[in-house]
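First the structure, in the form of structure tokens, and then the observations on it.
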Amino acid sequence: MSQIEMVDLDSLLPSTHPYRRFQAYLPHPTEALADVNQLKGADGYGVKRLFRCLLLQFIKDLSDQDLERYLEENLAAKWFCAFTLSEPTPDYSLFTRIRTCIGPTQPSQLFATMREQLKAAGLMSEVFTFVDATHLIAKATLWEERDKVRQQQIEKLNNEVLPKVAVDTQARIGCNGKKKYWYGYKEHVSVDMQSGLINKVATTPANRPDVQGLRHVCPTQGAVYADKGYCTAPAHQAAAQRRCHLAAIQRNNMKTKNRDRDRWYTHLRSPYERVFAQRPKRVRYRGMAKNQSAAFLQAMAFTLKRLLSWSLHRGMPERKTGTRPQRQRTVSTHHGRPNRSRRL
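38 is the number of the first residue of the sequence shown in the numbering used here; add one for each residue after it.
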């Protein structure tokens, strides 16, 4: 005798699942995605649910094909993206179209809304801010571009010639120091030093200096701790326009360099370098718009994961303070030497 039981997807998901905690921190995307509701091919799903799919892609670090399979097989993923238990999930080709349609503006608004919610809850402030930039590689080698340059009888392959021969016309060759070169983009990030959460993020071509990226990620108050790439006069002017104090490490050839102070700045900055260690060094897409949108989604995924780790840590019993065992002292018995057999 067969029995039919009505099952709800919400009842299948445990109450302590991480996706339920993510749901509490995410902003409502109604206003930000109001302009892209009329996307062809998304009428059966809706832009809001497709945006959740894109965010889930960065949370789990999946490709478009893997995301399609993950939504089909995982019940928690269906619940997070507001799909029903028997509803068909999107094809991977739809993710490319919705990503192009949304662009960088809507993810920027959603990330700014999340940041304001965290500030209102007291989880983020702009008192002390860590600022730095990292490289994003678009292509490891440029042999094909070099061959095209030779066919066109051009002498050098540089940033002026690359838009004519490269597939990604907005990527550039960047340099860090005298030996590190890459082709792609540069990601500028500001991190709140109180919480370790990402405050602002921006993507520029690789040949742009760090000072130009500071204008996009500089906070509106407090002190900004930066490395040697921000010790120039334009960086101080950009920080002063935002009413910030720039505490940048100075170069070794500067007359006003204070090594003790710069050593202290390095000590303050070192714990927040892990933000770049957890972020990918290669871009997923071509063009500034898609990579900037990916930077906002990656920052939102990083924020959700860090908030989840906070909630799990707060649920653990706190370690008692003031109960550290004291060291055992020895009694001197022979010519000032301790007798290890006798303990107090």
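For glycine and all other residues, C-beta sits at the position ideal for the given N, C-alpha and C.
- Exposed is the label assigned to His65, since fewer than 16 other Cβ atoms lie within 10 Å of its Cβ.
- Ile210 carries a strand assignment under DSSP once its states are collapsed to helix, strand and coil.
- Judged by their CB atoms, Ala208 and Tyr220 are nearer to each other than the 9 Å cut-off.
- By the neighbour-count criterion, in which a residue is buried when 16 or more other Cβ atoms sit within 10 angstroms of its Cβ, His225 is buried.
- Across the structure, Gln188 and Lys176 are spaced so that their CA atoms are roughly 21 Å apart.
- Per the coordinates, the alpha-carbon of Ala314 lies some 52 Å from the alpha-carbon of Gln40.
- Looking only at Val44, Asn289 and Thr178, the smallest Cα-Cα distance to Leu112 is reached by Val44.
- A Cβ-Cβ distance of about 12 Å is found for the pair Arg58 and Leu50, leaving them out of contact under the 8 Å criterion.
- Relative to the Cα of Ala114, the nearest Cα in the group Leu46, Pro144 and Thr303 belongs to Leu46.
- Counting along the chain, no alpha helix (DSSP H) covers Gly221; the unbroken beta strand (DSSP E) around it starts and ends at Lys217 to Asp229.
- DSSP places His54 outside any alpha helix (DSSP H), giving it a letter other than H or E.
- When only Cα atoms are considered, Gly233 and Tyr302 end up about 16 Å apart.
- According to the DSSP assignment, Lys237 belongs to no alpha helix (DSSP H) but to the beta strand (DSSP E) extending over Ile235 to Pro242.
- Met151 counts as buried, since at least 16 other C-beta atoms from the protein chains shown sit within 10 angstroms of its C-beta.
- The alpha-carbon separation between Leu99 and His172 amounts to approximately 21 Å.
- Nearest in C-alpha terms to Lys318, of all of Val204, Ser307, Gln94 and Ala331, is Ala331.
- Of the candidates Ala285, Thr137, Lys85 and Leu108, Ala285 places its Cα closest to the Cα of Phe165.
- In the three-state reduction of the DSSP assignment, Phe313 falls in the helix class.
- The beta carbon of Lys237 sits closer than 6 Å to the beta carbons of Ser227 and Val254 from its chain, once the five residues preceding and following it are set aside; these are given in chain order.
- Nearest in C-alpha terms to Val261, of all of Leu194, Pro271, Ala336 and Ala276, is Ala276.
- Within a 10 Å sphere around the beta-carbon of Tyr309 sit 16 or more other beta-carbons, which makes this residue buried.
- Under the three-state reduction of DSSP, Thr166 is assigned to strand.
- Contact between the stretch 179-188 and the stretch 196-214 is present: 3 or more CB-CB pairs across the two stretches fall below 8 Å.
- A Cβ-Cβ distance of about 13 Å is found for the pair Lys265 and Arg298, leaving them out of contact under the 8 Å criterion.
- Bounds of any alpha helix (DSSP H) do not take in Tyr82, whose DSSP letter is neither H nor E.
- Between Thr257 and Arg279, the CB-CB gap stays under 9 Å.
- Thr126 and Cys90 have their C-alpha atoms some 10 Å from each other.
- For Arg279, the secondary structure class from DSSP, reduced to helix, strand or coil, is coil.
- With the rule of 3 Cβ pairs closer than 8 Å, the stretch 132-145 counts as touching the stretch 322-342.
- Pairing Leu305 with Lys156, the inter-Cα distance amounts to about 22 Å.
- Proximity to Ile139 across Met337, Ala338 and Ala326 peaks at Ala326, based on C-alpha coordinates.
- Membership of Val202 in the alpha helix (DSSP H) is indicated by the continuous run Leu199 to Val202.
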